[in-house]
Each structure stands twice: as C-alpha cells, then as structure tokens.
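One structure below.
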Amino acid sequence: AFTAPQILVDFASPVTGTKGVCQKTTRFKTFPKYLVLQMNRYVMGEDWTPKKLDVLCTAPDTLDLAEYRGAGPQPGEEMLPDDGPGEGGAGGSNRIVPDDAIVAQLISMGFGENGCKRAAVATQNAGAEQAMEWVLSHMEDPDFNDPIPEENPAPAGAGNVAFSEASVEMLCMLGFQKKHAERALKETNGDVERAGDWLMSRADSLDALMDEEDSAPAPVADSAVAPQDYKPQYNLLGFISHIGSSTACGHYVCHIKKEGKWTIFNDRKVAESAEPPVDLGYIYIYQSVGPA
19 AFTAPQILVD FASPVTGTKG VCQKTTRFKT FPKYLVLQMN RYVMGEDWTP KKLDVLCTAP
79 DTLDLAEYRG AGPQPGEEML PDDGPGEGGA GGSNRIVPDD AIVAQLISMG FGENGCKRAA
139 VATQNAGAEQ AMEWVLSHME DPDFNDPIPE ENPAPAGAGN VAFSEASVEM LCMLGFQKKH
199 AERALKETNG DVERAGDWLM SRADSLDALM DEEDSAPAPV ADSAVAPQDY KPQYNLLGFI
259 SHIGSSTACG HYVCHIKKEG KWTIFNDRKV AESAEPPVDL GYIYIYQSVG PA
C-alpha cells in the first residue's frame, strides 16, 4: 500500500556512505484538488504474458485521508542531507543504470528500448516482472518512449539546446518558418523527428505560441511557488473501466458523476448510466471538497 511502512534493505546513507536497513513511510505534504487512483488490474502470467484481473474492488463514494497528512520532522528527528558520500558528493553518484538483461527481456516482448530502460530504472532493477508491471502501468505516458533525461539536465527555456543549421533547414523544407523550426528543436532537445511531430501537432497555433513566449513573464523558481493545498476529504468524480477479456483487446470507457447522476462516455456515445460498474474501475478520479 502507498501509505504502509516499507523496509529498505540496501539503503545508502548520505551521511555515512554505508548501506543498511531502514523504514520508509510516505505521507502527503499537501493534498491535490484531484486525486487519481489506479487499480493494479494487469499482472504478468507465468508464461510472461500480461493478463487482466476481472475482480470486483469496492471504490468508496467518499475518502477521508486526513490521517495521511505529513507532520514534518518530529522532536528528536534529524533531517538527512540531500548530498553526501553516497549521493552527489565526493563519493560519487547513485544514479541507477538500467540492467541490460531486464531491458533485453522487455524488448523481446515488443516494447521500445527507451521505455524498457525507464522501467528498469523506475523499479531499481528489481527484476523483469516488476519492470513489466511498471510498463503496463505507464506505457500510455507521453514520455514513455523518450530517452532517459540526463542527471543534470539544462533548465527548460534557457535557450541553450544545441542543434545544427542543417536540422533547421530540414524542417524549413517541410514548409515551416525558421523561427518555428528553432522553437520546435528547443522543445525537443534538438531531435529533428520529434521536432517535426511537434510542429505538425501545432501547425494551426504556431504564431500564437510564439507570441505567448514573447509576452510570458520570466519564470519563477519552483521553490518560490507553493502548491495549492486542499482538504483531505474527497468525493468520487469519475472512473475509467476496460471492456474486454485481456490487455491485447477491448475498449476503455469513462463514467462521470455530475449533479448526482452518472454519465457514460463511450467515444462519441454519451448517455446516462443507471448502473455504472464502479467495482470494475481501472482509474478512479476523486475531487477534494475544497481548498484547505
């Protein structure tokens, strides 16, 4: 469970630089306006094929997460430093390198190399099964097939992305203006193919995007912007469910609750739902009752 205590066996202390056992507990510092919960309905079978679990899981109409709000450092506790002998300090870096064996197994199942590497890193090379579960949960992420970012990436919008004039000319040959081509290359870290997709998907609003960039105020450091905090009481707003026998086929539909009534959204078909399958949801969306 997300909030249950976890035992970390090989925790590298940033103070001593040695590994040992520790307990980790996750809590909320602030609560979001919308809370998205995912049911783990997809698992790996013994034959290494993804399978769907058709089980009923009761999703409550309301949630109260007040007991999971973090209270910060307690009396007698001391905060660990961000950097130390085991992390970013003189002793080196803790950056995880994807395990080649895990990546190879996932690639053999038909997934892209970058997505497989992300899965291995996200699961800390725990194994192919754990990485596969991560893939099934994140394969729809927009950056799933993007290369893993560098450990210390250049700040966004800094204008220091390197790209060649040949790349600009290549995009201009497709009919785009030079300023638009340069903006696309900056947004995609100099990748011509992704820059072309970026331009195509925004072909009707490129000038508006450039105007917004010119008139936008200087970015504010993240540390200066406090996230909006909301009350930890939530009401069920909607859910997404899967119609089909397995992960290889089927169809996703969405149910939204408005003014006490459920409505089903099935592509272009929208209708009132008298008996929504709340117990068979894959993704649940809850809305906070209001700001804290």
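Counting from 19, one number per residue, gives the positions in the sequence shown under the working numbering. Backbone N, C-alpha and C fix where the C-beta goes; we use that ideal spot for every residue, glycine too.
Asked: Give a yes or no on whether the C-beta atoms belonging to A310 and D229 are separated by under 8 Å.; Found: no
Asked: What are the boundary residues of the alpha helix (DSSP H) that includes I303?; Found: Note, I303: premise wrong, no alpha helix (DSSP H); beta strand (DSSP E) at G299 to S306.
Asked: Apart from the five residues just before and just after K47, which ones in its own chain have a Cβ nearer than 6 Å to its Cβ?; Found: G88
Asked: Quick one: what's got a C-beta closer than 7 Å to P68's C-beta in the same chain, skipping five residues either side?; Found: Y60, M62, L154 and T265
Asked: Could you tell me which residues DSSP puts in a beta bridge with N253?; Found: T80 and Q305
Asked: Going by the DSSP bridge assignment, what does E245 pair with across the sheet?; Found: Residue identity differs from the one stated: residue 245 is Pro in this sequence, not Glu. None; P245 has no bridge partner.
Asked: So, L189 versus L227, is the Cβ gap smaller than 8 Å?; Found: no
Asked: To the nearest angstrom, report how far apart A144 and D79 are at their CA atoms.; Found: 35 Å
Asked: If the criterion is Cβ atoms closer than 8 Å, does the pair G208 and F181 meet it?; Found: yes
Asked: Could you pull out every residue in the same chain whose Cβ sits closer than 6 Å to the Cβ of P295, ignoring the five residues on either side in sequence?; Found: S259
Asked: Just confirm the distance between the C-beta atoms of Y52 and I303, as a whole number of angstroms; I'd bet it's less than 8 Å.; Found: 6 Å
Asked: Helix, strand or coil for E277, going by three-state DSSP, please let me know.; Found: coil
Asked: Taking all protein chains shown into account, do 16 or more other C-beta atoms lie within 10 angstroms of the C-beta of I267, making it buried, or fewer, making it exposed?; Found: This sequence places Cys at residue 267; Ile is not what is there. Exposed, because fewer than 16 other Cβ atoms sit within 10 Å of the Cβ of C267.
Asked: Report the CB separation of P250 from A84 in whole angstroms; it is logged as a contact under 8 Å.; Found: 5 Å
Asked: Just grab the DSSP bridge partners of Y52 for me.; Found: Q305
Asked: Per DSSP, what kind of secondary structure is M62 in: helix, strand or coil?; Found: strand
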